[in-house]
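Participant:
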Amino acid sequence: MEDWDAVVSYACTLPGVVMDSYYGSPVPKHNGKPLVAPGREPDSFVLMIGVEEKAVLIDTDPATFWETDHYRGWPAVLVRYGSGDRERIEALIARRWWDVAKRAERNDYGPRP
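To convert, note that position 48 of the sequence shown is 48 in full-length UniProt numbering; the numbers rise steadily by one, no gaps.
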């Protein structure tokens with residue numbers, strides 16, 4: 001993902017995603033839960049993700065996934081713009097969508113990405 005607009009464009013292709021406020025910024029949400037958010041750091045965005053999964057991403061691809069003290073211990077990871085495999089990052093955003101989707105939505109979408 002090259003910038004925030006690309007992240008939002010992709011997230012909004014997922015079923016039922018709407019733009020709504022999150023800490024004062026418009027972000028893509030599904031069922032009232034944010035999928036991603038603009039980062040405090042200008043070169044990254046925040047992906048909501050489980051703490052265990054976050055640790056694996058940071059350990060295996062620190063050039064793409066990282067955190068600051070602000071996010072340490074929280075279920076969110078920073079993702080650098082312009083780095084990493086775009087399809088992998090899209091799959092992680094879709095996985096977040098799936099995790100906050102209702103059972104019927106999951107059934108319509110298919111298996112967890």
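Here a beta-carbon is modelled for each residue, glycine too, at the ideal position from N, C-alpha and C. From a predicted model like this one, the values you see are computed outputs, not experimental measurements.
With a threshold of 16 other CB atoms inside 10 Å of the CB of ARG40, please say whether the residue is buried or exposed.
Facilitator: Flag for ARG40 reads exposed.
Participant: Between the C-alpha atoms of ASP5 and PHE45, what's the straight-line distance to the nearest angstrom?
Facilitator: Their backbone Cα atoms lie some 11 Å apart in a straight line.
Participant: What's the gap between the Cα of PRO15 and the Cα of LYS54?
Facilitator: If I take the Cα positions, the gap works out to 24 Å.
Participant: Which of helix, strand or coil does DSSP assign to ARG80?
Facilitator: Strand.
Participant: Using a Cβ distance threshold of 8 Å, determine whether the stretch 11–30 contacts the stretch 78–97, with at least three qualifying pairs required.
Facilitator: Segments in contact, yes.
Participant: Between which two residues does the beta strand (DSSP E) containing ASP20 stretch?
Facilitator: Its beta strand (DSSP E) spans residues 18–22.
Participant: By alpha-carbon positions, which one of LYS102, PRO38 and ILE49 ends up nearest to GLU2?
Facilitator: Considering only alpha carbons, the answer is PRO38.
Participant: Specify the secondary structure class of ALA63 as computed by DSSP and reduced to three states.
Facilitator: Residue state, collapsed to three classes: coil.
Participant: Comparing alpha-carbon positions, which option in PRO42, ILE49 and ASP108 lies nearest TRP74?
Facilitator: Checked all of PRO42, ILE49 and ASP108; the closest Cα to TRP74 is ILE49.
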